[in-house]
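Report on one structure; see the data block that follows.
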Amino acid sequence: MQGILYEEPTIWLFLLVTVVMGGWAAWMAGRAVAITWRPPLQLIFYTLILGLVIRFIHFALFEATLLTLHYYIVDTLVLFAFALAGWRYNRARQMTTQYRWLYERTGPFSWKARASA
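Counting in the working numbering, the sequence shown runs from 734 upward without gaps.
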């Protein structure tokens, strides 16, 4: 996997920077977009910027390559998955709390119309 998903000597650096730190920031970006009732299309713009930030952290702290398209795409896809999950989780919560007479929650990321509606 080394060389395909990450360029650091161990996977732990990739997991720390991209998954933990970047994933938290991406989740919060998805949450912010959902809370303001904006479409998930805006997450693309935010995760592209966040991908650059994560690449810079890899570069500044662990001497990784800064301008590498391959690793930028990998980092950005991981971040987009976290951002989309954060958006969907918060949108499901919004729909079931603000419109509780219309919708009921069926899971952490989904809701359905109530039978009485």
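All C-beta atoms, glycine included, are put in the ideal place defined by N, C-alpha and C.
Less than 8 angstroms between the beta carbons of residue i and residue j, yes or no?
i	j	result
Gln844	Thr830	A quick correction: the sequence has Trp, not Gln, at residue 844. Not a contact, by the Cβ cut-off of 8 angstroms.
Val750	His791	yes
Ala825	Glu740	no
Leu760	Gly819	What sits at residue 760 in the sequence shown is Trp, not Leu. Cβ distance < 8 angstroms, so Trp760 and Gly819 count as in contact.
Leu812	Leu783	yes
Val786	Leu776	no
Asp808	Gly755	yes
Pro854	Leu817	Limits of the chain in this structure are 734 at one end and 850 at the other, which puts residue 854 out of reach.
Arg821	Tyr836	no
Sort out for me which residues DSSP pairs residue i with in a bridge.
i	result
Tyr836	Ala846
Tyr779	Answer by DSSP bridge pairing: none, since Tyr779 is not bridged.
Could you say which of the options lies nearest to residue i if we only look at CA atoms?
i	options	result
Ala814	Arg771, Ala762, Thr839 and Ser849	Ala762
Trp745	Ala758, Arg847, Leu781 and Phe795	Phe795
What residue range is occupied by the uninterrupted alpha helix (DSSP H) comprising residue i?
i	result
Ala814	Leu802 to Gln831
Ala759	Gly756 to Ile768
Leu746	Ile744 to Phe747
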